[in-house]
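Just so you know, the sequences run in chain order A and B. Heads up, the first sequence is in the numbering used here, so the first residue is 1 and it goes up one at a time. Heads up, the second sequence is in the numbering used here, so the first residue is 315 and it goes up one at a time. Note that the Cβ used here is the ideal one computed from N, Cα and C, for glycine as well. All figures in this text were calculated on a predicted structure; none of them were measured in a lab. Input: a single structure, listed below in structure tokens.
2 protein chains.
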Amino acid sequence: MYRLGVDLGGTNIAVGLVDENMTLVAKKSTPTGAERTGELIVDDIAMLCKAVCEENGVSLSNVACIGIATPGIANTATGVVEYANNLPFKKFPIAELLKARVGVANIKIANDANAAAWGEAVAGAAKGSSNNVMITLGTGVGGGIIIDNKIYAGFNCAGGELGHIVIEVDGVPCSCGRRGCWEAYSSATALIRMTQEKIDECRANGRDTIMFNAEKVSGRTACDAMRAGDAAAKEVYDKYVKYLASGITNIINIFQPEVISLGGGVSNEGQSLIDSILPIVRKEQYGGGIVAMTDIRIAKLGNDAGIIGAAMLG
Amino acid sequence: MYRLGVDLGGTNIAVGLVDENMTLVAKKSTPTGAERTGELIVDDIAMLCKAVCEENGVSLSNVACIGIATPGIANTATGVVEYANNLPFKKFPIAELLKARVGVANIKIANDANAAAWGEAVAGAAKGSSNNVMITLGTGVGGGIIIDNKIYAGFNCAGGELGHIVIEVDGVPCSCGRRGCWEAYSSATALIRMTQEKIDECRANGRDTIMFNAEKVSGRTACDAMRAGDAAAKEVYDKYVKYLASGITNIINIFQPEVISLGGGVSNEGQSLIDSILPIVRKEQYGGGIVAMTDIRIAKLGNDAGIIGAAMLG
């Protein structure tokens, strides 16, 4: 039997065919067209489900279940997306609508960050642990919490918003309406902002930095320049690392998970990012040196975490 | 059958007899004598267990289980206290030692904040919900997390340290070694500090406040003066409420628990404290107005939460 995983984003819909070894054997995608109605979006999800099966010689009757990773608040019990801010979903019965189009009975949904965490938990960096947390350092800071081998999302399915923990009261405005959220300091977006601020500061003060050469400031600009020995870039990186370590220490003090996996664009920095935050985390965390310590790892599944996690929901 | 709950603190040991209705029918206590060896402390726990039974005509053979709420990191699987900073415990097999002294086979242990949360979950303010969080606003800020009707303490039993979430990077020093922990802003100790700072500021600026009349500044000083119309006290209260609301919003964004119960000295302010924080929390929390909202309540069991929760561990 196979499984299908749907990663529904604001920009693209990706559908993957996952085999019994939890391996993604094929995937297809199409633009979301988020300005359209929800029904048209589900039409395209169904089309991709059928196409990826057909192209790989798999009959839909050999698909055990379909999982959908969706933005917003996914009611996992009812298969209804309560709300998503970047898609036209409000109490939208996505599972039921997809079922009517593809005829597969077992359709589960989850929030996209939670599905990605589930993917890393069952088939990625946190495989083998039953309590783990995934942090996605991308446009925002996403969180997914796995407790006792299950996604934890609170009594109303809206929990796990780990990017929206205030770590600086009255701090930088966040997209959620609060000020000082972890997301406003540790997302790729925040790293780009800090980099741009430093470039502007250098320019204003007549201080040289190789970051002036960046055609377009990205999350890599400061990291690359820092590795090339640039002092201003090192200041950006150190500031970013300080806030990231503080937020991760918070997550440890709350959950003491066996594993924290770091995903998203910034995690492409790899082990050197972990090596940068670890001394701070170990010094600041509760129980340091007394109990077994949380292992911090780079996520393994990359952009496929959501697809694989979704497929493994059923 | 009866149960015994032991609340072991740095100052006192209290042992309570709990009946089948989860009602505390009797309790006895004695000073902890924390400067003594662990064995002598367990001798006194055993003595209190026997005495409270004897005085109430209950035979130890009618005691189904004993639970111990202990400071520090309690290994719930082994009954060993890994470490406590205010008691002479380091890998201390407290359950085994107590069993040898009282002959009751079923002895469980938990961290004291977790035991109190469990008490409120099964017999107090959060009764009836299976996902809830207790926050204790006392000398520190304690946390206890209940998920799926079980205490959640992480893979190493050291989790749930909700007071040690940094909410202000580089903020006020905390007893745990970090700076800016929630505890440093929302504990009774923090409220007293803020009150004293305001009194000093008024004195330095020649500003009048009825808080000058306080013989000894307590957690109630600013609250009482604020209710009497004192403007400086209102500033202290508003600042305290702002940080408390921010921390509670963090807890909601993380857990979306069905209930948050507030215990500890500051919670004696009662419903008016909740009425003060609620507008801020509802405005700032994730999912506001879309999904079912966390109910914030004052804890019900007061100082007995730890005893009752401990008794109900087995």
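Query                                                                                                                      : Result
As assigned by DSSP and simplified to three states, the class of isoleucine 449/B                                          : strand
Within chain A, partners of tyrosine 600/B - CB distance below 8 Å                                                         : Ala158, Glu161, His164 and Cys176
For proline 487/B: DSSP bridge partner residues                                                                            : Arg493/B
Rounded C-alpha distance that separates isoleucine 134/A from proline 593/B                                                : Per the sequence shown, residue 134/A should be read as methionine rather than isoleucine. For methionine 134/A and proline 593/B, the distance between alpha carbons rounds to 31 Å.
DSSP bridge partner residues for glutamate 482/B (one or two, in chain order)                                              : Glu168/A
contact_flag[the segment 324-340 of chain B, the segment 616-624 of chain B] where n(CB pairs < 8 Å) is 3 or more          : yes
DSSP three-state assignment for valine 291/A, whether helix, strand or coil                                                : coil
C-beta contact flag for alanine 398/B and proline 385/B at 7 Å                                                             : yes
Within chain B, partners of glutamate 168/A - CB distance below 7 Å                                                        : Glu482 and Val483
Within the segment 332-412 of chain B, ranges of the alpha helix (DSSP H) (whole runs, at least 4 residues)                : 352-369
Other residues of its chain near valine 450/B: CB distance less than 7 Å, five sequence neighbours each side excluded      : In the sequence as displayed, the identity of residue 450/B is threonine instead of valine. If we look at threonine 450/B and ignore the five residues flanking it on each side, its Cβ neighbours are Ala427, Ala430, Gly456, Gly577 and Gly578.
Isoleucine 655/B and leucine 558/B closer than 7 Å at C-beta                                                               : The structure shown has nothing for residue 655/B, since chain B only spans 315 to 628.
Closer than 7 Å to chain A by CB, tyrosine 397/B                                                                           : yes
Neighbouring residues, chain A, relative to proline 571/B (Cβ below 9 Å)                                                   : Gly154, Phe155 and Gly159
Close Cβ partners of valine 580/B (< 6 Å) along its chain, the five nearest in sequence each way excluded                  : Leu451, Ala502 and Gly533
Same chain only: Cβ atoms within 6 Å of aspartate 295/A, ignoring 5 sequence neighbours per side                           : Val259
Contact set between asparagine 253/A and chain B, taken where Cβ atoms lie within less than 7 Å                            : Glu475, His478 and Ile479
CB contact flag (glycine 247/A, serine 186/A, <7 Å)                                                                        : yes
Exposure label - glutamate 482/B; buried when at least 16 CB within 10 Å                                                   : buried
As assigned by DSSP and simplified to three states, the class of serine 575/B                                              : strand
Segment contact flag, the segment 199-211 of chain A with the segment 146-162 of chain A, C-beta cutoff 8 Å, min 3 pairs   : no
Residue of Met336/B, Val550/B, Arg350/B and Gly319/B minimising C-alpha distance to serine 343/B                           : Gly319/B
CB contact check: valine 486/B to chain A, cutoff 7 Å                                                                      : no
In DSSP terms, what lysine 464/B is bridged to                                                                             : Ile461/B
Beta-carbon proximity check, valine 377/B vs leucine 411/B, cutoff 7 Å                                                     : no
Contact residues within the segment 125-145 of chain A, judged by C-beta distance below 9 Å to chain B                     : Ser129, Ser130, Asn131, Asn132, Gly143 and Ile145
Inter-stretch contact at 8 Å, needing at least 3 Cβ pairs: the segment 115-130 of chain A / the segment 530-546 of chain B : no
Short Cβ contact (7 Å threshold) for asparagine 564/B with valine 166/A                                                    : yes
Same chain, Cβ closer than 8 Å to glutamate 39/A, five either side skipped, listed in chain order                          : Leu97
Straight-line Cα distance separating glycine 10/A from alanine 34/A                                                        : 6 Å
For alanine 26/A and glycine 67/A, believed in contact at Cβ under 8 Å, the rounded distance                               : That pair is no contact at about 16 Å.
Residue nearest to methionine 336/B in terms of C-alpha spacing, selected from Gly602/B, Arg317/B and Gly494/B             : Arg317/B
Chain A within 7 Å of serine 560/B, Cβ atoms only                                                                          : yes
Residue burial classification, threonine 351/B (beta-carbon count within 10 angstroms, cutoff 16)                          : exposed
Residues that alanine 606/B contacts on chain A, provided the C-beta gap is smaller than 8 Å                               : Phe155 and Asn156
Spatial distance of cysteine 367/B from serine 373/B (CA atoms)                                                            : 6 Å
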